[in-house]
Amino acid sequence: LVDLVLEHARCFHDSLRARAARVHSLSSSYKITEALEEGLHILRHLGENFPYKKLRKYHAVIEFVRTKRLLRGKTNEMILRMPPMENPDKIAAMQMLNLIFPNAFHVEPVLF
1 LVDLVLEHAR CFHDSLRARA ARVHSLSSSY KITEALEEGL HILRHLGENF PYKKLRKYHA
61 VIEFVRTKRL LRGKTNEMIL RMPPMENPDK IAAMQMLNLI FPNAFHVEPV LF
């Protein structure tokens with residue numbers, strides 16, 4: 001059924017829900033690595049690249065420090081008052097990240 005939706009999708013965004021269903025199905029079938037790879041493929045199409053094959057702990061540390069620097073000087077209150085995200089690609093990427101996070105933990109637990 002997912003393949004049928006993908007076949008008739010007019011654009012990538014039309015296929016996102018079907019692709020997410022495929023990731024969920026792979027995860028539920030204990031095909032964790034395949035689910036993670038599919039999710040990362042979707043994220044690449046959304047403009048978010050992750051160095052999955054070459055990912056090491058220092059990548060996570062670098063990104064943690066970068067994020068901490070971006071949040072420096074901001075209180076929880078300030079963050080909560082920020083406007084909601086509006087970019088549909090970024091929203092879809094966040095939803096996909098949420099979906100594949102448990103798979104990433106199982107495949108590369110050292111990064112967590």
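Residues 1 to 112 in this note's numbering are what the sequence shown lists, from first letter to last. We put the CB at the ideal spot given by N, CA and C, even for glycine. Note that the structure is a prediction, hence the values are computed from the model and not measured.
- prompt: Helix, strand or coil: which one does DSSP assign to residue 31?
  reply: Sequence index remark: in the sequence shown, residue 31 carries index 31 (1-based). Three-state DSSP puts residue 31 in coil, outside helix and strand.
- prompt: What is the DSSP secondary structure of residue 83, reduced to helix, strand or coil?
  reply: Looking up residue 83 in the sequence shown gives position 83. If DSSP states are grouped into helix, strand and coil, residue 83 belongs with coil.
field: Boundaries (first-last residue) of the alpha helix (DSSP H) holding residue 69
entry: Against the sequence shown, residue 69 aligns to sequence position 69. Start and end: 57 to 71.
- request: Tell me whether the beta-carbon of residue 103 lies closer than 7 Å to the beta-carbon of residue 36.
  value: In the sequence shown, the residue the question calls residue 103 occupies position 103. In the sequence shown, the residue the question calls residue 36 occupies position 36. Taking 7 Å as the Cβ cut-off, residue 103 and residue 36 qualify as a contacting pair.
field: Rounded separation between residue 115 and residue 39 - CA only
entry: Only positions 1 to 112 of the chain appear in the structure, and residue 115 is not among them; the question remains open.
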